[in-house]
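Worksheet: one structure, shown below.
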Amino acid sequence: MTERRPARLASTLASPWTTLALALIAIAQQIAGHLDCDVSWFITFAEKFLDGAVPYVDVTDPNPPAAFLALAPAVALARALDVAVEPVVAGLVFLFAYVSFIVSALVFRSGAPRSREDWGLLVNGAVFLLLITPAMVFAEREHIALLALAPMLATLAASAEGGRVATPLRVIAGAGAGVAVCFKPFFALAIVLPALALAARERSPRLLLTAEMATALGVCFGYAAATLLFFPAYAGYALPVIVDVYQPARDTSSNLAFFTLAPFNIALLVALAIASARGFATPPVAPGFVAPAAARVCAYASAAFLAGFFLQGKGWSNHAFPGVALALLAWCFFALDKHPRVQAVRDGRLFKFVFLPAFIAAPMLFGAVKVLTNVEEHPGLRAEIARVAPPHPRVIAMARQLDYGHPVTRQLDGVWVGRPNALWTASLAAYLLRDVKDPQWRARLEEYRRRDLAGFMEDVRDGRPDVIVVEDRDTREWVVKQPETARALDGYEKAGQAGEIEIWTRKAP
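Here the sequence shown is numbered in our numbering, starting from 1201 and rising by one per residue.
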């Protein structure tokens, strides 16, 4: 009876019905909640771009064009169908995930043989980790990039297993990897590190000199050239801001190391390394065992995303998602290996008390409860704006972070009148100025601060917002003390409040 129960459980977990149930849960989760502030902002960016606004001039952001171009097709389709953009974005991400899974599965077929049950377990594990676990970071750049990167990681694993992947699949995998890197250069580490590690293990560069690598490089160089050609203001506006303001403004090393999802990612990788190197059987089973190729590829890619997490230095959950998801996927591949060591590990403490709890709890790490209950970024803000503002209000935010204006502006069917999504440049510049001694850098930071505040004043004057969302009293007092924005609230009065957030509306004539 005890042997039959695990077999029956494994069969159920591998069932196509379980796949369908997981997909429906993922869809229901997105229906219940809403896309987060980043995605909402880039939808707005894409809308303004399609309406003729010049990126990085009329609407600005430090991220490269892929951030809004990836959502432009959803905006165009939603307009053609005369429906809201958000469900179209979610639907296209689900469709993209389906294509990614199909291509990855076709690639893996050329690698090590796997039983039908193992295939089912791997597919369902991937569906859970890539569609349910993202929760609040669903459709974020990191989420889409990981889906785009999956076929490339599958190609590396299948090649390391001795498989001969068809050239068309290699080209598709390389194109996906190139697209992933277009979102953020940091994501290249997730390709380079696994490829280098596998090439070093084989003592051969063949995994580096492939059609998929050439395709990925071609996509990246083509994208870079197109960015400079079609979006010249990116080099003039965004790149200097990234170098001088965004990247230097980092969280502390101790916060990144201990008070983010990084320890979770690290613990999973360390536990996998211990399990694959030593085992927990007594006496040890097959001391020379090394994790299977697919597990190693996922683990190396996870470590690469973890390195990117620390290099970005912000500690945000969307930055952490790919590393955590790949670490758990590495465990899935490891646990299904047929080596006798694995059976010992599956019966041991690391599997039962590290992997299984982490796997089950993963969606909670990325806000699944908040998504299912549709919790607002700032509870009460939407209702308070709706109470004091006219229908379809024109909105701008006097705030340091974008979640004060997004997605609430879209949820109210309003119009965002600011060029950036918040006063984050001025805020970060002021933060950095506290410790900067070099006079030239201080002058550059002062200019960024001045330019951001002056731009805000211009947006208030030209955009004539019905509502100015003020982050809190301290932010308001700081802004109105600056010479560039001393008169920012002239003609406005405080009309409502949600917690510490103030809502200012135009004074009656």
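Note that the Cβ used here is the ideal one computed from N, Cα and C, for glycine as well. Small disclaimer: the values here were computed from a predicted structure and weren't measured.
Any C-beta of chain D under 8 Å from that of residue 1588: Absence of chain D from the displayed structure is noted, only one protein chain being present.
Cβ-based burial, residue 1458 [other Cβ within 10 Å; buried from 16]: On the sequence shown, position 258 is the one that residue 1458 refers to. Counting Cβ neighbours within 10 Å, residue 1458 comes out exposed, since fewer than 16 surround it.
Closest by CA to residue 1523, which one among 1666, 1509, 1532? Along the sequence shown, read from residue 1 onward, the residue named residue 1523 stands at position 323. Taking only the C-alpha atoms, the option nearest residue 1523 is 1509.
Taking the alpha-carbon of residue 1312 as reference, which of 1287, 1331, 1363 has the nearest alpha-carbon? The residue you call residue 1312 lines up with position 112 of the sequence shown. For the residues 1287, 1331, 1363, the minimum Cα distance to residue 1312 belongs to 1363.
So what's residue 1538 in DSSP terms, helix, strand or just coil? Here residue 1538 is taken as the residue at index 338 of the sequence shown, counted from 1. Looking at residue 1538 - three-state DSSP - the assignment turns out to be coil, as it is neither helix nor strand.
State the CB to CB distance for the pair residue 1234 and residue 1607, rounded to an integer number of angstroms; the pair is presumed to be in contact (CB under 8 Å). Counting from one through the sequence shown, the residue named residue 1234 turns up at place 34. Counting from one through the sequence shown, the residue named residue 1607 turns up at place 407. Confirmed, about 6 Å.
DSSP state of residue 1440, grouped into three classes? As a working mapping, residue 1440 is identified with position 240 in the sequence shown. Three-state result, residue 1440: helix.
Could you tell me the alpha carbon to alpha carbon distance between residue 1672 and residue 1247, rounded to whole angstroms? Locating residue 1672 in the sequence shown gives position 472, counting from the first residue. Locating residue 1247 in the sequence shown gives position 47, counting from the first residue. Between residue 1672 and residue 1247, the C-alpha separation is close to 29 Å.
Relative to the C-alpha of residue 1670, which residue among 1225, 1681, 1704 is closest? Mapped onto the sequence shown, residue 1670 falls at position 470. Closest by alpha carbon: 1704.
Whose C-alpha, out of 1448, 1290, 1501, 1444, is nearest the C-alpha of residue 1469? Mapped onto the sequence shown, residue 1469 falls at position 269. It is 1501 whose Cα lies nearest to the Cα of residue 1469.
So, under 8 Å CB-CB, residue 1697 and residue 1584 are touching, yes? Tell me the CB distance rounded to an integer number of Å. Along the sequence shown, one-based indexing puts residue 1697 at 497. Along the sequence shown, one-based indexing puts residue 1584 at 384. Between residue 1584 and residue 1697 the Cβ distance is about 7 Å, and since that is below 8 Å, they are a contact.
Once you ignore the five residues that flank residue 1504 on each side, which residues in its own chain have a CB closer than 6 Å to its CB? Walking along the sequence shown from the start, residue 1504 turns up at place 304. Excluding sequence neighbours, residue 1504 sits near 1389, 1390, 1393.
Residue 1374 - containing alpha helix (DSSP H), residue span: Counting from one through the sequence shown, the residue named residue 1374 turns up at place 174. Unbroken alpha helix (DSSP H) run through residue 1374: 1367 to 1383.
Quickly, what does DSSP pair residue 1466 with across the bridge? List them, please. Against the sequence shown, residue 1466 aligns to sequence position 266. Its beta-bridge partners do not exist; DSSP assigns none.
Within 8 Å, do at least three Cβ pairs link the segment 1335 to 1342 to the segment 1226 to 1240? yes
How far does the alpha helix (DSSP H) with residue 1695 in it extend, from its first residue to its last? For the purposes of this step, residue 1695 is identified with residue 495 of the sequence shown, where counting begins at 1. Premise fails: residue 1695 lies in the beta strand (DSSP E), 1692 to 1698, not in any alpha helix (DSSP H).
Given a cut-off of 8 Å on the beta-carbon distance, is the pair residue 1599 and residue 1675 in contact? In the sequence shown, the residue the question calls residue 1599 occupies position 399. In the sequence shown, the residue the question calls residue 1675 occupies position 475. Contact: yes.
From the DSSP output, in three-state form, read off residue 1273 for me. In the sequence shown, the residue the question calls residue 1273 occupies position 73. Correct three-state label for residue 1273: helix.
C-beta atoms of residue 1497 and residue 1353 nearer than 8 Å: Start at 1 with the first residue of the sequence shown, and residue 1497 comes out as number 297. Start at 1 with the first residue of the sequence shown, and residue 1353 comes out as number 153. Yes; because the gap between Cβ atoms is below 8 Å, this pair is in contact.
When you compare only the Cα positions, how much space is there between residue 1305 and residue 1357? Along the sequence shown, one-based indexing puts residue 1305 at 105. Along the sequence shown, one-based indexing puts residue 1357 at 157. Taking the straight line from one Cα to the other gives about 12 Å.
Please confirm whether residue 1351 and residue 1376 have their CB atoms less than 8 Å apart. Here residue 1351 is taken as the residue at index 151 of the sequence shown, counted from 1. Here residue 1376 is taken as the residue at index 176 of the sequence shown, counted from 1. Cβ atoms of residue 1351 and residue 1376: closer than 8 Å.
In terms of residue numbering, what span does the alpha helix (DSSP H) encompassing residue 1657 cover? Counting from one through the sequence shown, the residue named residue 1657 turns up at place 457. Here the alpha helix (DSSP H) through residue 1657 covers 1639 to 1663.
Cβ separation of residue 1628 and residue 1446, assumed to be a contact under 8 Å, to the nearest whole Å: Here residue 1628 is taken as the residue at index 428 of the sequence shown, counted from 1. Here residue 1446 is taken as the residue at index 246 of the sequence shown, counted from 1. Between residue 1446 and residue 1628 the Cβ distance is about 7 Å, and since that is below 8 Å, they are a contact.
Going by CA-CA distance only, name the one from 1341, 1340, 1302 that's closest to residue 1322. As a position in the sequence shown, residue 1322 is number 122, starting the count at 1. It is 1302 whose Cα lies nearest to the Cα of residue 1322.
DSSP state of residue 1241 mapped onto helix, strand, coil: Position 41 of the sequence shown holds residue 1241. Reduced to three states, the DSSP call for residue 1241 is helix.
Are the CB atoms of residue 1256 and residue 1438 within a distance shorter than 8 Å? Here residue 1438 is taken as the residue at index 238 of the sequence shown, counted from 1. Here residue 1256 is taken as the residue at index 56 of the sequence shown, counted from 1. Going by C-beta atoms, residue 1438 is nearer than 8 Å to residue 1256.
Measuring CB to CB, does residue 1551 end up less than 8 Å from residue 1530? The residue you call residue 1551 lines up with position 351 of the sequence shown. The residue you call residue 1530 lines up with position 330 of the sequence shown. Against a cut-off of 8 Å, the Cβ pair of residue 1530 and residue 1551 comes out as no contact.
At the level of alpha carbons, what is the spacing between residue 1275 and residue 1612? In the sequence shown, residue 1275 corresponds to position 75, counting from 1. In the sequence shown, residue 1612 corresponds to position 412, counting from 1. Rounded to whole angstroms, residue 1275 to residue 1612 spans 18 Å at the Cα level.
Local conformation of residue 1576 per DSSP, three classes: Position 376 of the sequence shown, counting from 1, holds the residue named residue 1576. Coil, per DSSP.
Assign residue 1597 to one of three DSSP states: helix, strand, or coil. In the sequence shown, counting from the first residue as 1, residue 1597 sits at position 397. In this structure, residue 1597 counts as strand in the three-state DSSP scheme.
Residue 1213 to residue 1553 span [Cα, whole Å]: Here residue 1213 corresponds to residue number 13 of the sequence shown, with the count starting at 1. Here residue 1553 corresponds to residue number 353 of the sequence shown, with the count starting at 1. Taking the straight line from one Cα to the other gives about 20 Å.
Classification of residue 1201 by the beta-carbon crowding that lies within 10 angstroms, buried from 16 upward: Working through the sequence shown from its first residue, we reach residue 1201 at position 1. Caution is warranted here: a pLDDT of 38 is assigned to residue 1201, below 50, making its placement in the model unreliable, and the coordinate value is therefore given only provisionally. Label assigned to residue 1201: exposed.
For residue 1592, is the classification buried or exposed, using 16 other Cβ atoms within 10 angstroms of its Cβ as the cut-off for buried? Along the sequence shown, one-based indexing puts residue 1592 at 392. With fewer than 16 other Cβ atoms within 10 Å, it is exposed.
Segments assigned alpha helix (DSSP H), at least 4 residues, entirely inside the segment 1299 to 1339: 1316 to 1327
Taking Cβ positions, are residue 1515 and residue 1456 nearer each other than 8 Å? The residue given as residue 1515 occupies position 315 in the sequence shown. The residue given as residue 1456 occupies position 256 in the sequence shown. Their beta carbons are under 8 Å apart, which means residue 1515 touches residue 1456 by this criterion.
Any contact of the segment 1686 to 1695 with the segment 1616 to 1635, i.e. 3+ C-beta pairs under 8 Å? no
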